[in-house]
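Enquirer: Residue numbers (our numbering): 1082 to 1275.
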Amino acid sequence: MISVIVPVYNEKENIEALYKKLIKVLKKEDEIIFVDDGSTDGSYEVIKKIHERDGRVKCIKFARNFGKTAALMAGFEIAKGDAVVTIDGDLQNDPDDIPKLLEKLEEYDVVSGWRYDRKDPFFSKKLPSLISNKISRWLTGLKIHDFNCGLKAYKKECIKDLEIYGEMHRYIPAILYWKGYSVGEIKVKHHPRK
């Protein structure tokens, strides 16, 4: 069984499309956990309607915005899968990459996506990300290209050995690497923000 965790903040317009893409690559026994991080645009209502027609879909609703780290931890706590995949709710990550992540997860404890052909503006997104990733590699010792890619896969035992807070979601692979888990990386598709 696979658990897919989707942190959501004001993604009402993207949720249904993401759900449809996810069910194309998942099996009937897999679960999708949406974590609504205090959305004010009606995201929760969209998720609730999807849950009513598909029991594989679960939802956690925060009363206010606590941030991506808290949303991921809440999803990790209820995930039942032997493997856990995280994917952002904005359609920039491609669910079609999930099978490749899971295949690579047979070799590693954690697999991180690398948005090698990033569809973001250079000066406002790509350049700061390049600098941040270089510094992160130097500080952590973990030689991955893209610390902030939301598309990742974990073996269940990794997430059960994890306590994160604040803005630590970016460094989950590094934290697990420091704990002795093996970390791999694959190239994944990246789409412009919808």
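Glycine included, each C-beta is placed from N, C-alpha and C at the ideal position.
1. Short check: CB of K1224 to CB of P1273, under 8 Å?
2. Within the same chain, show all residues whose beta-carbon is closer than 6 Å to that of Y1100, passing over the 5 residues directly before and after it, in chain order.
3. Once DSSP output is grouped into helix, strand and coil, what is the label at I1156?
4. Taking the alpha helix (DSSP H) that P1273 falls in, what are its first and last residues?
5. Given a cut-off of 8 Å, decide if I1113 and G1194 are closer than it, judged by their beta-carbon atoms.
6. With a threshold of 16 other CB atoms inside 10 Å of the CB of F1143, please say whether the residue is buried or exposed.
7. Do S1205 and N1229 have their C-beta atoms closer together than 8 Å?
8. For the region 1108 to 1126 against the region 1082 to 1092, are there 3 or more C-beta pairs whose distance is under 8 Å?
9. Can a CB atom of chain D be found closer than 8 Å to the CB of A1255?
10. So, do the region 1240 to 1250 and the region 1173 to 1185 have three or more beta carbon pairs nearer to each other than 8 Å?
11. Near S1263, what residues of its chain come up, given a Cβ to Cβ distance below 6 Å and the 5 sequence neighbours on each side ignored?
12. Mind checking whether R1196 and V1269 have CB atoms under 8 Å apart?
13. Using 8 Å for Cβ pairs, my map puts Y1258 next to V1165. What's the rounded Cβ distance?
14. Look up N1091 in the DSSP assignment and say whether it is helix, strand or coil.
15. Nearest CA to the CA of I1128: which residue from H1271, A1098, R1145?
16. Identify whether R1196 lies in helix, strand or coil by the three-state DSSP scheme.
17. Let me confirm a value: F1203 is counted as buried when at least 16 other C-beta atoms fall within 10 Å, else exposed. Which label applies?
18. Can you tell me whether F1115 is helix, strand or coil according to DSSP?
19. In terms of residue numbering, what span does the alpha helix (DSSP H) encompassing C1239 cover?
20. So what's S1084 in DSSP terms, helix, strand or just coil?
21. Pick helix, strand or coil for I1141, following the three-state DSSP scheme.
Expert: For this structure:
1. no
2. I1131
3. First, the residue type needs correcting, since residue 1156 is Gly and not Ile in the sequence shown. It is helical.
4. That residue, P1273, is in no alpha helix (DSSP H); it is neither H nor E in DSSP.
5. no
6. buried
7. no
8. yes
9. In summary, chain D is missing from the structure at hand, where a single protein chain is found.
10. no
11. Y1189, D1190
12. yes
13. Actually they do not touch by this definition, with Cβ atoms about 17 Å apart.
14. coil
15. A1098
16. strand
17. exposed
18. strand
19. 1237 to 1240
20. strand
21. strand
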